[in-house]
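The sequence shown begins at 56 in our numbering and counts up by one.
Beta carbons: idealized from backbone N, C-alpha and C, even for Gly.
Below: the structure, in C-alpha cells.
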Amino acid sequence: MTRKTALIFLLIGLLSSVARADESTIRPDSLRTYATLHSLGFEWDVTGDSDHDATCGVRYRPSGSSVWHKGLDLLRVDYDGYYADTRADRAYNMLAGSIFFLEPGTTYEVELGLEDPDGGGVREIV
Numbered sequence: 056m057t058r059k060t061a062l063i064f065l066l067i068g069l070l071s072s073v074a075r076a077d078e079s080t081i082r083p084d085s086l087r088t089y090a091t092l093h094s095l096g097f098e099w100d101v102t103g104d105s106d107h108d109a110t111c112g113v114r115y116r117p118s119g120s121s122v123w124h125k126g127l128d129l130l131r132v133d134y135d136g137y138y139a140d141t142r143a144d145r146a147y148n149m150l151a152g153s154i155f156f157l158e159p160g161t162t163y164e165v166e167l168g169l170e171d172p173d174g175g176g177v178r179e180i181v
C-alpha cells in the first residue's frame, strides 16, 4: 500500500467516526411546559442520541428560595408508529415528565439538566 492510499483510508476512517459521533450526540430542541394547580409538566424534543443513553435530571424550588428539591428524571419518549389503529402525528424523540404536589399560587424555578455520555447537553432554568 502506498503512502497516499494509506492517508486516504485514514481520512475516510476519521470522517466516518465523526459522522457516527454526531448521530449519537444529543442536541436539545423545543421545550414545552404545562401547568395545573398542583403540578408542572415538561416535554423536551431532542435530536441525535441514536443510542438513547441521554438523561435529564430535574431540580425545583419556589422562586426566591435557595434550597433545591430533586424531582424525578424526565423519561425517554421515542415513538414513530401506531397505537391500535391510530398513527402517530409525527416521530417523537423527546424526554418528558412532571413535578407533582406543588403549592397552588406559588411560582417555581425548575432546572433541567440534559446530559449525554456521548457529548452534548445543556442546563435550562424555566
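The Cβ atoms of residue 171 and residue 80 sit closer than 8 Å to each other.
Taken atom to atom, the span from the alpha-carbon of residue 129 to that of residue 120 is near 23 Å. The alpha-carbon separation between residue 152 and residue 83 amounts to approximately 16 Å.
Residue 90 and residue 123 have their alpha carbons spaced roughly 19 Å apart.
Of the candidates 106, 174, 154, the residue whose Cα lies closest to the Cα of residue 165 is 154.
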